[in-house]
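Notes for the one structure printed next.
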Amino acid sequence: MNYNVDEKGYYGDFGGAYVPEMLYANLTELKENYLRITKEESFKKELNGLLASYVGRPTPLYFAERLSKKYNTKIYLKREDLCHTGAHKVNNTIGQILLAKRLGKTRIIAETGAGQHGVATATVCALMGIKCVIYMGELDIKRQAPNVARMKMLGAKVSPASSGSKTLKDATNEAIRDWINNPLDTHYIIGSVVGPHPYPDMVARFQSVISEEIKKQLNEIEGREYPDHLIACVGGGSNAAGLYYHYLNDSRVKIIAVEAAGKGINSGKSAATSALGKEGIIHGSKTLLMQTKDGQITEPYSISAGLDYPGVGPMHAHLFRSKRAEFISITDQDAMDWGLTLSQMEGIIPAIETAHAFAVLDIKSFNPDDIIIFNCSGRGDKDLDTFINYFQL
Numbered sequence: 007m008n009y010n011v012d013e014k015g016y017y018g019d020f021g022g023a024y025v026p027e028m029l030y031a032n033l034t035e036l037k038e039n040y041l042r043i044t045k046e047e048s049f050k051k052e053l054n055g056l057l058a059s060y061v062g063r064p065t066p067l068y069f070a071e072r073l074s075k076k077y078n079t080k081i082y083l084k085r086e087d088l089c090h091t092g093a094h095k096v097n098n099t100i101g102q103i104l105l106a107k108r109l110g111k112t113r114i115i116a117e118t119g120a121g122q123h124g125v126a127t128a129t130v131c132a133l134m135g136i137k138c139v140i141y142m143g144e145l146d147i148k149r150q151a152p153n154v155a156r157m158k159m160l161g162a163k164v165s166p167a168s169s170g171s172k173t174l175k176d177a178t179n180e181a182i183r184d185w186i187n188n189p190l191d192t193h194y195i196i197g198s199v200v201g202p203h204p205y206p207d208m209v210a211r212f213q214s215v216i217s218e219e220i221k222k223q224l225n226e227i228e229g230r231e232y233p234d235h236l237i238a239c240v241g242g243g244s245n246a247a248g249l250y251y252h253y254l255n256d257s258r259v260k261i262i263a264v265e266a267a268g269k270g271i272n273s274g275k276s277a278a279t280s281a282l283g284k285e286g287i288i289h290g291s292k293t294l295l296m297q298t299k300d301g302q303i304t305e306p307y308s309i310s311a312g313l314d315y316p317g318v319g320p321m322h323a324h325l326f327r328s329k330r331a332e333f334i335s336i337t338d339q340d341a342m343d344w345g346l347t348l349s350q351m352e353g354i355i356p357a358i359e360t361a362h363a364f365a366v367l368d369i370k371s372f373n374p375d376d377i378i379i380f381n382c383s384g385r386g387d388k389d390l391d392t393f394i395n396y397f398q399l
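When the count follows my numbering, it moves up by one through the sequence shown with no breaks and lands on 399 for the last residue.
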């Protein structure tokens with residue numbers, strides 16, 4: 007089975023482009039140009055130059071000695087938290103801003119939940135001198151205040167979404183409305199492997215630099231290009247897509263995707279799409295979606311602002327349905343505990359989203375010779391208030 011996107015924009019049964027007619031021209035323009043442009047030598051030269059000198063790539067592949075000793079296995083962290091802006095998100099925004107410029111766009115919009123994608127988008131817009139509007143749920147604006155301040159310092163307008171749960175889903179709704187109203191001059195930088203084709207594939211390709219680097223780094227360290235296990239948190243799933251990308255069709259590599267169980271999978275306060283979702287359409291893509299019997303979207307919940315999305319990217323829906331990936335749901339409590347554990351065992355304060363992934367170590371057993379790579383997708387600066395309040399630090 008092939009786990010990459012097909013010519014029609016589908017991963018197995020999932021994907022496609024289900025959008026209002028007003029957006030057909032925009033998506034057609036993207037579909038007809040993104041592969042051609044990104045393969046041009048001038049584009050690759052500019053992108054690779056910025057990834058190296060501005061983003062700080064390649065990011066280290068770090069051997070976590072204390073964790074490895076405790077769990078009697080080989081644990082590596084791909085340090086995306088060391089990217090400029092503090093997360094993997096900038097890999098994609100750099101790529102998309104260069105693409106937007108070549109398409110003649112003069113205005114950028116984006117959605118954000120945890121704020122990391124918003125900061126990364128505002129950053130590249132400042133770098134390129136392009137107008138920027140970031141849509142963000144009112145609840146997320148309150149719980150991610152440091153990132154909101156960063157976006158404003160970078161010159162972006164932060165526009166609150168006040169409908170629904172006032173989180174990522176609602177911010178995405180507002181961004182799509184904006185795009186419909188401004189189809190000619192505006193490019194929408196989607197931050198995850200969600201939305202209509204070609205976005206899931208385009209974002210995955212820009213994030214694939216993560217696994218591309220791992221192949222070289224692991225070969226230097228361990229003498230082989232592939233690990234035994236890849237583990238990442240999944241909301242929409244861009245950090246996971248980047249980690250898995252060059253290993254999707256390598257059966258030697260086991261893939262683990264970690265979702266937010268919130269207060270518990272069946273508590274009514276969860277974002278565990280793999281456990282609770284069924285086929286549906288959200289934000290222009292057919293995927294697995296948390297919904298009621300009559301098709302109304304169920305409001306997701308997670309203590310982490312980046313994982314409370316009611317769906318999952320079509321790539322990940324296909325990985326789940328085909329059983330290529332094992333999906334595990336982790337509660338708020340376990341994720342927060344791992345935020346402290348990773349901080350105190352390895353001196354790395356992770357984003358709460360990232361902390362979810364490490365909780366797998368308390369659920370699954372690994373062999374002493376197994377090579378496990380976690381995507382350390384973001385740093386925890388943005389979540390300090392949540393950690394402080396939760397643990398009364």
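Just so you know, even glycine gets a beta-carbon here, dropped at the ideal spot from N, CA and C.
Contact with chain B by E46, beta-carbon distance below 7 Å: Among the chains in the structure shown there is no chain B, since it carries only a single protein chain.
Between the alpha carbons of T337 and L325, how many angstroms are there, rounded? 22 Å
Quick one, are the C-beta atoms of T192 and D376 less than 7 Å apart? no
Assuming L294 and G317 make a contact with CB atoms under 8 Å, what is their CB distance in whole Å? 6 Å
Based on DSSP bridge pairs, tell me the residues matched to I354. Answer by DSSP bridge pairing: none, since I354 is not bridged.
Just the Cα atoms here: how many angstroms apart are K275 and S335? C-alpha separation (whole angstroms): 13 Å.
In chain order, what residues of the same chain have a beta carbon less than 6 Å from the beta carbon of K37, not counting five sequence neighbours either side? P204
Under 8 Å: do the region 351-363 and the region 203-222 share three or more Cβ pairs, one atom per stretch? no
Per DSSP, which residues does Y68 bridge with? Please list them. DSSP output for Y68 lists L83 as bridge partner(s).
Check for me: the beta strand (DSSP E) holding N381 runs from which residue to which? Note, N381: beta strand (DSSP E), I377 to N381.
Do you know whose CA, among T112, E218 and G121, lies nearest T65's CA? Looking at the Cα atoms, E218 is the closest of the given residues.
Using CA atoms only, rank isn't needed, just tell me which of R149, F333 and L224 is closest to I81. L224
Roughly how many angstroms lie between the CA atoms of N8 and N255, to the nearest whole one? 7 Å
Tell me where the alpha helix (DSSP H) around C89 begins and ends. Counting along the chain, C89 falls outside any alpha helix (DSSP H), and DSSP gives it neither H nor E.
In its own chain, which residues sit with a C-beta less than 6 Å from the C-beta of G170, not counting the 5 before and 5 after it? Taking C-beta separations shorter than 6 Å and ignoring five residues to either side along the sequence, the partners of G170 in its chain run D176, following chain order.
Just list the residues that DSSP pairs S165 with in beta bridges. Y141
Considering only C-alpha positions, which residue in the set I182, C239, S291 and N39 is nearest to L105? Comparing Cα-Cα distances from L105 to each of I182, C239, S291 and N39, the minimum goes to N39.
Classification of F397 by the beta-carbon crowding that lies within 10 angstroms, buried from 16 upward: exposed
Taking C-beta to C-beta, are G290 and A23 nearer than 7 Å? yes
Could you give the distance in angstroms between the alpha-carbon of T279 and the alpha-carbon of Y307? 11 Å
8 Å contact criterion, which R156 and V125 should meet: CB distance rounded: Yes, R156 and V125 are in contact; Cβ-Cβ is about 5 Å, under 8 Å.
Taking only three categories from DSSP, how would you classify I309? Looking at I309 - three-state DSSP - the assignment turns out to be coil, as it is neither helix nor strand.
With the cut-off set at 7 Å, would you say Y141 and A167 are in Cβ contact? yes
Using a 10 Å radius around the Cβ and a threshold of 16 neighbouring Cβ atoms, would you call E374 buried or exposed? Sequence check: residue 374 is Pro here, not Glu. Exposed is the call here.
With 16 other Cβ atoms within 10 Å as the buried cut-off, status of T118: buried
Report yes if the C-beta distance between S198 and S165 is below 7 Å; otherwise report no. no
Can the beta-carbon of D391 be found closer than 7 Å to that of A357? no
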